[in-house]
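Shown next as structure tokens:
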């Protein structure tokens with residue numbers, strides 16, 4: 470009979486990883502949400518504009534929660550399996566899903582959208598966002614802050630250099646360089662817990678940038694030690710670092726008449 474460790478590892482390795490649906494983790498892991506309520510914010514703002522774009526939408530799970538879509542709604546996604554899920558999830562909103570690489574230029578004309586949103590983007594092309602945003606338009610994003618899940622990745626990989634800041638100043642500088650005006654840029658640290666080693670494995674397979682070279686084979690010994698620790702001490706605690714970004718593209722000024 471397989472040990473609890475082997476059983477949980479097998480469950481984690483077989484967990485679905487497409488899209489950003491985390492329902493598999495119910496009862497096995499928890500993540501506190503930032504106080505600003507990102508899903509609520511995009512729902513309110515999408516209902517008030519005529520055109521919106523969601524960048525790196527994943528499976529469209531968050532965008533699909535908006536109550537009232539704008540007349541024109543588009544989304545981009547780079548990974549084909551996610552794109553297929555997003556197309557299905559977002560069809561009721563009349564949303565066009567476009568496949569494009571995360572590091573590739575956005576396939577839209579300049580000044581195309583009143584609102585651009587993005588949750589947990591892996592790459593942010595600030596100048597592209599500025600280009601396709603209409604003057605007076607808004608960029609709204611929840612981004613992964615510096616050092617997110619540090620406790621987890623350092624448990625597996627060992628101590629790593631600590632960054633000098635949370636990422637807020639980097640974001641402010643990037644906005645300025647792209648000609649965007651920051652309205653609200655702030656950081657929040659929230660609690661994450663893993664109740665069993667299967668949840669850890671599934672998370673690291675899904676959120677691949679946490680431990681970029683992760684595989685069960687490579688980290689088997691440390692996973693076994695973490696399993697024993699959870700068995701003795703209870704859930705393993707880490708933290709998510711999140712940065713809210715709300716910025717505007719300055720409205721064009723009319724030239725004075727003669």
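Residue numbers (my numbering): 470 to 727.
Every residue, glycine too, gets a C-beta built ideally from N, C-alpha and C.
Residue range of the alpha helix (DSSP H) that residue i falls in?
i	result
residue 621	619–626
residue 699	689–702
residue 473	473–483
residue 580	Neither: residue 580 is in no alpha helix (DSSP H) and is coded neither H nor E.
residue 498	No alpha helix (DSSP H) holds residue 498; the beta strand (DSSP E) holding it covers 498–500.
residue 616	It is not in any alpha helix (DSSP H) - residue 616 carries neither H nor E in the DSSP assignment.
residue 674	666–675
Which residues in the same chain have their Cβ closer than 8 Å to the Cβ of residue i, if we skip the five residues on either side of it in sequence?
i	result
residue 668	481, 494, 497 and 498
residue 565	542, 543 and 544
Just the Cα atoms here: how many angstroms apart are residue i and residue j?
i	j	result
residue 634	residue 567	34 Å
residue 713	residue 666	30 Å
residue 570	residue 627	32 Å
residue 484	residue 572	28 Å
residue 503	residue 702	26 Å
residue 740	residue 643	As displayed, the chain neither begins before 470 nor continues past 727, which places residue 740 out of reach and without an answer.
residue 595	residue 647	6 Å
residue 598	residue 538	20 Å
residue 523	residue 556	13 Å
residue 540	residue 517	10 Å
Note down, in chain order, each residue of its chain lying with its Cβ closer than 6 Å to the Cβ of residue i, except the 5 sequence neighbours on either side.
i	result
residue 727	Note on residue 727: pLDDT 49, under 50, position unreliable in the model; the coordinate value appears next. None.
residue 715	609, 652 and 653
residue 658	708 and 710
residue 512	535 and 536
residue 699	705
residue 607	584 and 717
residue 547	570 and 571
In terms of residue numbering, what span does the beta strand (DSSP E) encompassing residue i cover?
i	result
residue 606	602–613
residue 663	650–663
residue 637	From DSSP, residue 637 is part of no beta strand (DSSP E) but of the alpha helix (DSSP H) over 637–646.
residue 713	705–717
Suppose contacts are defined by Cβ-Cβ distances below 8 Å. Is residue i in contact with residue j by that definition?
i	j	result
residue 584	residue 529	no
residue 478	residue 685	yes
residue 588	residue 507	yes
residue 675	residue 531	no
residue 721	residue 579	no
residue 575	residue 601	yes
residue 683	residue 695	no
If you drop the 5 nearest sequence neighbours on each side, which residues of the same chain put their C-beta closer than 7 Å to that of residue i?
i	result
residue 510	609
residue 559	529, 532, 533, 544 and 566
residue 614	635, 636, 656, 710, 711 and 712
For residue i and chain B, any beta-carbon pair shorter than 8 Å?
i	result
residue 635	Within the model displayed, chain B is absent; a lone protein chain is all it includes.
Ordered list of beta strand (DSSP E) runs contained in the stretch 509–570, each at least 3 residues: 520–523, 541–546 and 565–568
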